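Just below is one structure, and these are the notes that go with it.
Chains as they are written, first to last, in our numbering: chain A, 1110 to 1599; chain B, 1110 to 1599.
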């Protein structure tokens, strides 16, 4: 009998954890807070990475690689950065082990103590700007447009697979510019790249916005973000793009000579998305039967399962499927034919449902006879029997439909769960139900903190396209120029 | 005036270091032994990675990702592995920093000491087999064919860019099999993948061989390798593929039930290549003018430089080059047109020569008038004036010629610098001149060690295709079944 899984309605958080295992995406390792990303999960991440990488290159960026280790003193160079990042991190203090004298294994050799401890990078601004210092003399050396795909470590106390892990994979862009305007334009451009990726590949609608001072990146003058709504109504910050002003240039003394020979500090940005996107993807679309994947990110877009009793039937169906495989391949559609004789069709159906394969083709002897096949959509679980002739075109269209349906469905869900609210009393009652709350706020950190303390909700962002409208703060009654988005968040 | 660089003949080692900087491939970071891989160097590594990744997938492997950190005790589980790897490594002992009481910055928080230290992975057999333990119950779970692209850290005392760095990038395949024969076949298959890549993409001839017990991977029953000869006659181990027997399965208690339900330990392999290949690539082909790249790995395969005095001339040449760009792109050939007006053609010629761009196209007003272009090959520095019509075909052929010429040249060099030797006295005199020495050896570790001590030469490998021939050890006079390859090595 199939294992019984908890439903979203029963326990959303448990449903998520079970799903990550059920779809074979990742698992906890024995190393505290670190995960193992399993082949199927990694295949989805690879697709994300490859698509983003093309977009980064199209916008003029190159990849490079900087050291994993950051000397402790670097972190202290940018005052607010050290407060944000130097606290919970992995510290390398020694560089050698030796055999224990009692033969019990290996122990740290006390003679190998490092003069200065090394921090496993929680983010790379400091080590990168320490290099840029040597790369930049004049305006001719600018802009520098570099991205890095890397692992980073933040010593999280409470971890969840993909959403918050001690080690995670990400990309971090680090750019250097001659002018403030150019750096701001870069910050905005990369936010657009992220938003485009989220909507058109992940089928996940996002709100582009600006973080309040409280939620800003440690060391940034301005943090832009994309915020998504999960199926439990919680917000998830899916990507950030930071305008760093001249903060890191000043911390690392990076100046350039302009055309007139005048020296000025360099302007900077940084921007990143991580394996957290995997968590966002899962929680945006999946259902009680398992993972639901948008076709653009599915490692297997179409799976076919033969239904047969005799070897002759199998051979005839297999021949048809080889034909289909060829036609789909020509269209760039990934296809798996699962003729494993050790598993029954019903088992296979459940398996690929769990794994979120967008389209399933089944063919039995009667279908074969009639020149038909049964097609099942993963997104809305509808089935239809269609002609085998031209099936590849039908599937191609179906994949496009599924991709747009997932986005539309997520958009509709977000709309249903977004509301304006003007009373703080009502806000306190409603916030636990989840969703985005558009409310007036007086613009002070004090009020923001009070709301956070009293409700656990935070200002997710000030939407870039928000309507400017005069109002009064729902808490203090002070004037406000427009609504901001409150929500509980991952 | 152009900077004067040292030549290979003057100082091979210094030539290498200068070249890595000159071609803008990588640089030392301020973190001891760690390098920064710069965009141009990383672009070459990306090409290597992408080509290998396709080959790994074609041979049935999937990518996954395992934790960066390994609990100290894991390393001790496989006895010879711990001796090989647990010694010089980065040890994480704490997980928090705090503000120093004297306000001088941040210090390690003594309260954050880890119960068990974590080692930054020097290689991942232990952490991976600790996972496989939970993934494998029966023969149905086998084989597991996984590869990981990752950074690893080995605390090297003496480092050189790409060749030996504290942190480096690599891939590590880790497979699990039901039978010894299958694991051995996998070990051999991956060696073939590496050899094919080295010869057909890097244009670097390699000898496939077997390591002696002394040079075997710590924890392997058998280590296969590919060995290449650098231009100074030294050997470079470019890749290894290990048959691990049941050693790690035993260390981590990984058993599987076969079809009859009988329990046995799982058989294993691991195999890897690293950013060290960048060093091998550089030292196989490059010359005193800079980097020489095989077209298959060149980020820019063709560069074009306009030579002009008037804006009209530039416009006319640019139009032609746009045409060429389109035609080359259609053939999948990467092309850069450098019309930067701040640099003179001579500067550009030197720059792209330094960077190893295989083909350079130059066009001036007279070429334009005559329907010609000047083509320069980077590999042999010949130039010719050819018709602009059909230039894309000419270039396509030229790139193929360069690719095969580089391999042929490197093969000829190796042949010239490989000799049989029977006298140990002569060996001691000749070994410093560099090259591969084919000598009889009595098969004992003692003799091998004595030779290493007295000459610094090691047995690079026992070639898989060596001729079996009876002989006597050049040192001890004891019987030998065939010659082995001695050389000094990187």
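From the three backbone atoms N, C-alpha and C, an ideal C-beta is built for every residue, glycine too. If you're wondering where the values come from, they're calculated on a predicted model, not measured in any experiment.
Could you tell me which residues DSSP puts in a beta bridge with residue 1465 (chain B)?
Per DSSP, none; premise fails for residue 1465 (chain B).
What residue range does the beta strand (DSSP E) around residue 1193 (chain B) cover?
Counting along the chain, residue 1193 (chain B) falls outside any beta strand (DSSP E), though it belongs to the alpha helix (DSSP H) covering 1188-1194.
By the three-class DSSP mapping on this structure, what secondary structure does residue 1258 (chain A) have?
It is a strand residue.
Near residue 1247 (chain A), which residues of its chain fall below 7 Å by C-beta distance, leaving aside the five closest residues on each side in sequence?
Excluding residues within five positions, the ones whose Cβ falls inside 7 Å are 1365 and 1366.
Enumerate in chain order the residues of its own chain whose CB-to-CB distance from residue 1200 (chain A) is below 7 Å, with the five nearest sequence positions on each side excluded.
Excluding residues within five positions, the ones whose Cβ falls inside 7 Å are 1226 and 1228.
Please say whether residue 1458 (chain B) and residue 1476 (chain B) have beta carbons closer to each other than 9 Å?
Taking 9 Å as the Cβ cut-off, residue 1476 (chain B) and residue 1458 (chain B) do not qualify as a contacting pair.
For a test of the three-state rule: what should DSSP assign to residue 1232 (chain A), helix, strand or coil?
The answer is coil: DSSP assigns residue 1232 (chain A) none of H, G, I, E or B.
In the DSSP assignment, what are the bridge partners of residue 1206 (chain B)?
According to DSSP, residue 1206 (chain B) bridges with B:1217.
Would you decide whether residue 1110 (chain B) is buried or exposed? Buried here means 16 or more other CB atoms lie within 10 Å of its CB.
Because residue 1110 (chain B) sits at a pLDDT of 45, beneath the cut-off of 50, its placement in the model cannot be relied upon, and the point is left open.
Taking 9 Å as the CB-CB limit, is residue 1248 (chain A) close to chain B?
By this cut-off, residue 1248 (chain A) is not an interface position.
Counting contacts by CB-CB distance shorter than 9 Å, is residue 1214 (chain A) in contact with chain B?
With 9 Å as the cut-off, residue 1214 (chain A) counts as an interface residue toward chain B.
Which residues of chain B have a Cβ atom closer than 8 Å to the Cβ of residue 1279 (chain A), listed in chain order?
Those within 8 Å of residue 1279 (chain A) in chain B number zero; the least Cβ separation is about 12 Å.
Taking residue 1596 (chain A) and residue 1313 (chain A) to be in contact with their CB atoms under 8 Å, please state how far apart those CB atoms are, rounded to whole angstroms.
Contact flag wrong, Cβ pair sits at about 15 Å.
Is it true that the CB of residue 1264 (chain B) sits closer than 9 Å to the CB of residue 1198 (chain B)?
Yes. Within cutoff.
So, is residue 1502 (chain B) buried or exposed, given that buried needs 16 or more other C-beta atoms within 10 angstroms?
The residue is exposed, with fewer than 16 neighbouring Cβ atoms inside 10 Å.
Per the DSSP calculation, residue 1338 (chain B) is bridged to which residue(s)?
According to DSSP, residue 1338 (chain B) bridges with B:1344.
According to DSSP, which residues form a beta bridge with residue 1577 (chain A)?
Note: residue 1577 (chain A) sits in a beta bridge opposite A:1591.
Is residue 1155 (chain B) close to chain A, meaning its C-beta is less than 9 Å from at least one C-beta of that chain?
Closer than 9 Å to some Cβ of chain A, the Cβ of residue 1155 (chain B) qualifies, so yes.
Between residue 1172 (chain B) and chain A, is there a C-beta pair that is closer than 9 Å?
Interface residue, yes.
So what does DSSP say about residue 1174 (chain B), is it helix, strand or coil?
DSSP places residue 1174 (chain B) in strand when its eight states are reduced to three.
If you measure beta-carbon to beta-carbon, which residues of the region 1174-1189 of chain A are closer than 7 Å to chain B?
The region 1174-1189 of chain A vs chain B, Cβ under 7 Å: 1174, 1175, 1176, 1177, 1178, 1180, 1181, 1182, 1184 and 1185.
Look at residue 1384 (chain A) and residue 1258 (chain A) and say whether their C-beta atoms are less than 9 Å apart.
The answer is no: Cβ separation not under 9 Å.
Is residue 1366 (chain A) helix, strand or coil by DSSP?
Strand.
Could you tell me which uninterrupted beta strand (DSSP E) segments, each at least 3 residues in length, are contained entirely in the region 1115-1165 of chain A, listed from first to last along the chain?
Those beta strand (DSSP E) runs which fall completely within the region 1115-1165 of chain A and span 3+ residues are 1135-1137 and 1144-1146.
Starting from the beta carbon of residue 1146 (chain A), find every residue of chain B whose beta carbon is closer than 7 Å, and list them in chain order.
Under the 7 Å cutoff, chain B gives 1173 and 1174.
What is the DSSP secondary structure of residue 1050 (chain A), counted as helix, strand or coil?
Residue 1050 (chain A) is absent from the model: chain A starts at 1110 and stops at 1599.
Drop a sphere of 10 angstroms on the beta-carbon of residue 1122 (chain A), count the other beta-carbons inside from all chains shown, and report buried for 16 or more, exposed for fewer.
Under this definition residue 1122 (chain A) is an exposed residue.
Which runs of the alpha helix (DSSP H), 4 residues or longer, sit entirely within the region 1282-1332 of chain B?
As far as the region 1282-1332 of chain B is concerned, its whole alpha helix (DSSP H) runs of at least 4 residues are 1289-1309.
List, in order along the chain, the chain B residues whose C-beta lies closer than 8 Å to that of residue 1152 (chain A)?
1171 and 1172, listed in chain order.
Closest to residue 1402 (chain B) by CA distance: which of B:1464, B:1424 and B:1290 is it?
Selected option, being the one with the closest Cα: B:1464.
Using 9 Å as the limit for Cβ to Cβ distance, is residue 1205 (chain A) near chain B?
So, interface residue.
Enumerate in chain order the residues of its own chain whose CB-to-CB distance from residue 1235 (chain A) is below 8 Å, with the five nearest sequence positions on each side excluded.
If we look at residue 1235 (chain A) and ignore the five residues flanking it on each side, its Cβ neighbours are 1179, 1183, 1184, 1186, 1187, 1190, 1357, 1360 and 1361.
Could you check whether residue 1318 (chain A) and residue 1381 (chain A) sit closer than 9 Å to each other, using their CB atoms as the reference points?
The answer is no: Cβ separation not under 9 Å.
Run the CB neighbour count on residue 1469 (chain A), radius 10 Å, all protein chains shown included, and call it buried at 16 or more, exposed below.
By the 10 Å Cβ count, residue 1469 (chain A) comes out buried.
For the beta strand (DSSP E) containing residue 1398 (chain A), list its first residue and its last residue.
Taken as a continuous stretch (DSSP letters only), residue 1398 (chain A) belongs to no beta strand (DSSP E), as it is neither H nor E.
Residue 1220 (chain A) CB to nearest chain B CB: under 9 Å?
For residue 1220 (chain A), the answer is no, since every Cβ of chain B falls outside 9 Å of its Cβ.
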